[in-house]
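Quick mapping for you: the protein sequence lines, in order, are chains S and H. Mapping to our numbering: the first sequence position 288 is 330, numbers consecutive. Mapping to our numbering: the second sequence position 191 is 206, numbers consecutive.
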Amino acid sequence: MSTWDVALRIKSWEKARAVPAAEKLHLQFNHDFWICCPLAMAGEDPSLHAVLIGPKDTQGQIFCAPDPRSQRHRLELFSILRKEIEGYFQKCLEQPDGFPQLLLPSQSAVGVIRGLADYLSYLKEPKDASKQIKTWTEDARALGDLLQLYAQRSEIPGQQLLLVAHQILDEHWAFGQDLQGHLGAQLVWMDPPEDEDIMQAAAKAEAQPMGVKTDALMDNKKLAPALEAWVKVERSSSSSLASFRRQEIEDMLAEVLKPIWRASHGAYSYASELKPMLDVEQLRKRERSAFEYHMAHLADGGKFSRTDSSMRAIYSLAEREDAQEQYHSALIWGDRLVRERACLEGEILRGTTTHLPTDAGNKLVIISNQRWLKIRRGDEIVLMNGEQRVRAVVEDLTRSGDQTKVLLSAGNQAAWPENGVASDWAMSSPDWQRIHSERSKISRNLEEVPQTHQAEEAPEIESQPPNNDVKGGDPLATIEAMR
Amino acid sequence: MARNSSCLRLSAMVISGANPATLSERVYGMPAKEGLSPFAIRRGERFEAALFEDDNKRIFELYQRNGRLGEKESVWSDLSHLFTEFNQESLMKRQQQSEEWIRDRLLGKKKTPNLIIKPRLSVQIMGVSHPTEPDALVAADGDKHYRPVEIKSYADRRAFTDATKTGSACRQAAVALIALEQLLGEEASEDRIVDLIFAKPATNWPTLHPMSVGAEVENLKSVFEHAPQTLEQVEKLLQGESLDSVESMNKLPNRLCSDCADHCPLWDSCRIQAIQQSDISLWGDQATEILSGVSDMNQALQLQKTGHHSEDRDLDLLAAVLHEARKAHDRICEDEE
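This is how it looks when you write it as C-alpha cells:
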C-alpha cells in the first residue's frame, strides 16, 4: 500500500462507496469462462467437500463428497470432476485462441486448487492393488495433472487463467475500509445501501462465509450431526434413507455455496463494465501458449516433478521476472490511474521540456516538480507522449529546492516534445518479445559452466587496496563511476 | 498478548488473569464465538492417536529416520496417562515429574525418558505462575537438554505450508522454551530450537521440522518484561475501577490490527468502537502506519482537502501528497464521467 492508495481510501470513505483505482480492465474475461467455488472441510487439507462449478451463464452444478475424510467418497468426487474439467479443457483447446479461464471467489480457493493439484498429481499407484483402502485412481491423478496448469500459472503476474473475484475488485476499485478480501463486504461498498451506515452493512455482510470453509457454528450445530446420521445409514439396506441423508448434506453445502457463486458473478458484472487495456491481447496470447504447452506435455505422457532442476528453475525465474516487468509496464502505459500513481511514487519522470542549443548535441532538459524520483544517472527512459517511441539516457540530475533538473541525451529529435511542453518518461515500455531473447541469452550462458560451479578450486584472487582515488575518495561516487 | 503487544486493553486482561472471551460476553454483551470446528478437532485427535499408537511407533520412527534418535533410544513416558485425574494435585504431580526429569537429564543423574508426552511446565509472569503444556519433550541419550515438540495436523506442503499456521505453532513452542529457560536458568540450552511435527497431506504420516524460535522467544520475553509497566499504566488509567463495565474497559486504549479478528474475542467490540470514533485503524495496518500522527479519519480527510498542516512538518508533507493524489484522481475520474 502506498500514499496513493491511502488517498483513494480516504476519498472512498468520504463518498461512502467504492471509487475507481483503475481506468481500464487489466484482464479480459473469456466469453465462456467458468466459475468455481470450492468448499473444504475444516482441518482436512487438502480436501474438497463440495464444489459449485460451471459456465458463468448457468447456475453451476454442485458436486459433493458427503464425507471427504473417506477415501472412497473423495475418489468418486475426483472422477466426476475430472470428466467435467477435461471436457472444458478439450473445448478450449479446439478454439483457436481458447484457454480454460476459471474465476474463483477468493485467494483461499486458489489455495484449495493448488493443494489438490500438488496432492493428486503425485499420487502413486499402490503396489498392492488388493489393499482394502483404495487411495488412488487414474481419474484422481489425471485431475491433478489438469489442475497443475492453474497451480503453475497462479504465481505469474498478469496471468489470465485463474482469476480471483476479490482480487479483481481490489485491483480496480478502492474501498473506504480494510475489507481483508471479503467479497461480500466489497460488494456492499460497490453498491452501498441507502438506509444504513456502510461500515455496519459491510460488517453484516462479513457474517456470510466467502472463503472455502463453512463456519464453526454451522459445523457444530448442523453439518456434524447430519454427517454422523448419514454415516450410520450409508451402508444400511435402506438406500432411500441414505440418499435422503446425502441430499440433506448437499443442501446445507449448497446454502453456503450459492451466495459465493452469486458474489463471484457480481464481481464479474462490475469488472466487465470496464474496457480492457490495450495490451491485454498480449497477455492472453501467453495464456494460450502456456495452455497448449501444458496439454501437449500431458498428451506426451509427461509428468510433473516435485522439485525444479536448476535449469528449469532458472528459466522459470526468468519467465516470472519478465512477466512481472511487462505486466507492470503495460499497466503504466495502458491505464491513466496507474500512471498517476507511478508518477506520484517517482516511477515515471514528469516535467516540462527545454531543448538545449544544437551545438550541445542531442540534449534536452526536463524540469520536474516531483517529490520523489526513482531514476538515476545512466538509466534509459522512454517518452510516453506521442506516437513515436523516443528513448533517452539520463546524463545528469540536479536537485534545487523543489525542482529536479534532468539532463537527457536522446535520438529521434523530430519526435521530441516541444519546448515548454509537459511530458512523461517511463523506465521501460512493454516488450512482449523480450522473453525470447532472454531465453536464448540464458541458454548461451548455460553452455559454459561458470567458474563458481566448476569442480576445480577457484583461482586465488589477489586482494587489492580500496581505490580511494576515484572522485576524491567518496564511496558513493566510486559506485556511480562503476555504472 | 504477544500477537498484539501494543494493545493495552488486551494486555490488561491477560495480566489480570481475566478471560477475554468471558469479558467480551459480560461487559460488551457480545455472544462468544464458536471456537474450532469439530472436524478440525477430530482431525487433530486422529493424527495424535496415530502418532502415539503401538508404543509411539510412528513418532520414534520419525526421529530415527531424521537421525535424531538411535534405534535403542526409545524410552518414553506419557504423563497424561500416569496422572489421569484432572485435579490440582494430579496436575502438580505432573509438573513435578516433568521438572524432575528435566533437571535429572541436565545433571546426568539417572536414565530419563527420550520422549516425555504431555509434560507440564510453568511460565512465571510478574511472580505469578502460568501453566503450559507442550505436546512433548524429546532428547537423545547423550543430550543434556530436552527440546519442546509441537504437534499439529496441518498439511505439510513444504514451501507452500500456511505461514500463519507455522508461525502460531512456533509461538506456542516458544512458550515451552521460555518455561525451560526459567526452570534451568543459566544451565538452559543456548539453542533456541523446537521441533514442529506436521502431517503429510491427507494422511496421518508425520513430518519433522526443527525450527529456530529465537525471535519468538525474545518477543515474548519482552512482553513479559514490560508487564509491570503495563500494569502500572492500567492502574493509573482505571484509578481503582474494575474491568467490569464498558466505561472502564474503554478507558484502556486498544490497538486494532488486521489480524485481531483471528485471535481476540474483543475484536467485534473494538471494531464497533473504531467505527463510532472514525478510527484510522479501519483502513488497515499499512494505512495506519502511513498516517501515523493523524488523529482520525476526519483529520485525514481535512489534510487531503487542504493539502497542508501549519504546525507539523511531517503532516504538512503528507497532506501535500494526499492532496496531489486526490487532485489527479478527481481529474481522471471526472474526465471519465
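Note that CB positions come from ideal geometry on N, CA and C, so glycine has one too. Computed from a prediction, not measured in an experiment: that's the story for all the values here.
Beta-bridge partners of residue i, as assigned by DSSP
i	result
I353/H	Since the first residue shown for chain H is 16 and the last is 352, residue 353/H is missing from the structure and cannot be characterised.
C134/S	Its beta-bridge partners do not exist; DSSP assigns none.
Q103/S	I95/S
H145/H	V138/H
I423/S	A434/S
K246/S	According to DSSP, K246/S bridges with nothing at all.
L203/S	Answer is none; L203/S lacks a bridge partner.
A112/S	Looking at the sequence itself, residue 112/S is Ser, so the reference to Ala does not match. In DSSP, S112/S forms no bridge with anything.
E165/H	L211/H
Reference residue i; option with closest CA among the options
i	options	result
M312/H	W46/S, S44/S and S54/S	S54/S
Y312/S	T440/S, E136/S and W231/S	W231/S
L269/S	C78/S, M83/S and I52/S	M83/S
D257/S	Q324/S, M43/S, I52/S and G85/S	G85/S
L439/S	K416/S, L123/S and A266/S	K416/S
A182/S	E118/S, V206/S, P517/S and P97/S	E118/S
Q101/S	K300/S, P517/S and G428/S	K300/S
K159/H	E304/H, A170/H, L25/H and L122/H	L122/H
K264/S	S113/H, S52/H and P243/H	S52/H
E522/S	R419/S, I484/S, P492/S and G453/S	R419/S
G226/S	A249/S, W215/S and Q412/S	A249/S
C79/S	L144/S, D160/S, Q132/S and W46/S	L144/S
D139/S	R326/S, S278/S, A271/S and A63/S	R326/S
N262/S	A33/H, R57/H, E40/H and A27/H	R57/H
Closer than 8 Å to chain H by CB, residue i
i	result
P108/S	no
E86/S	yes
M319/S	no
Q445/S	no
P235/S	no
Q222/S	yes
V273/S	no
T45/S	yes
Y161/S	yes
M241/S	yes
Beta-carbon proximity of residue i to residue j, cut-off 8 Å
i	j	result
S412/H	G299/H	Residue 412/H is absent from the model: chain H starts at 16 and stops at 352.
F217/S	A60/S	yes
I210/S	A309/S	yes
L23/H	L267/H	yes
E231/H	R186/H	yes
A302/H	V48/S	yes
L450/S	V436/S	yes
N102/H	C275/H	no
A244/S	Q219/S	yes
V42/H	S260/H	yes
V152/S	V206/S	yes
C376/S	V448/S	One point to set straight first is that residue 376/S is Gly, not Cys, in the sequence displayed. For G376/S and V448/S, no; Cβs fall outside 8 Å.
L386/S	V336/H	yes
L94/S	F120/S	no
Q314/H	R341/H	no
V228/H	A188/H	yes
L333/H	S296/H	no
Minimum Cβ-Cβ distance from residue i to chain S less than 8 Å
i	result
E63/H	no
F54/H	yes
L211/H	no
I290/H	yes
W282/H	no
G299/H	yes
I347/H	yes
I193/H	no
I30/H	no
S310/H	no
Heavy atom of the ligand ATP within 7 Å of residue i beta-carbon
i	result
D283/H	Questions concerning the ligand ATP fall outside what the structure shown contains, since it holds no ligand whatsoever.
Proximal chain B residues relative to residue i, where beta-carbon distance stays under 9 Å
i	result
M83/S	Looking for chain B here will not work: the only protein chains present are S and H.
Count the CB pairs spanning the stretch 393 to 411 of chain S and the stretch 471 to 487 of chain S that are closer than 8 Å, and state whether there are at least three. Three or more Cβ pairs closer than 8 Å define a contact, and the stretch 393 to 411 of chain S falls short of that threshold against the stretch 471 to 487 of chain S.
Would you call the stretch 337 to 350 of chain S and the stretch 88 to 104 of chain S touching, i.e. three or more CB-CB distances under 8 Å? At 8 Å Cβ cutoff, the stretches do not touch.
Determine contact between the stretch 220 to 239 of chain S and the stretch 68 to 75 of chain S, defined as no fewer than three beta-carbon pairs at a distance below 8 Å. The answer is no - the stretch 68 to 75 of chain S does not touch the stretch 220 to 239 of chain S, with fewer than three Cβ pairs under 8 Å.
Taking 8 Å as the cut-off, does the stretch 120 to 140 of chain S touch the stretch 287 to 297 of chain S (at least 3 CB pairs, one atom from each stretch)? By the criterion of at least three beta-carbon pairs nearer than 8 Å, the stretch 287 to 297 of chain S is not in contact with the stretch 120 to 140 of chain S.
Cβ contact (3+ pairs, closer than 8 Å) linking the stretch 200 to 211 of chain H and the stretch 129 to 148 of chain H: A contact between stretches requires three or more CB pairs, one per stretch, nearer than 8 Å, and the stretch 200 to 211 of chain H fails this requirement with the stretch 129 to 148 of chain H.
Contact between the stretch 109 to 118 of chain H and the stretch 86 to 98 of chain H is defined here as three or more beta-carbon pairs at a separation below 8 Å; is this criterion met? Output reads yes: the stretch 86 to 98 of chain H touches the stretch 109 to 118 of chain H.
Does the stretch 210 to 218 of chain H touch the stretch 165 to 175 of chain H, meaning 3 or more C-beta pairs lie closer than 8 Å? The stretch 165 to 175 of chain H, when compared against the stretch 210 to 218 of chain H, does touch it at the 8 Å Cβ threshold.
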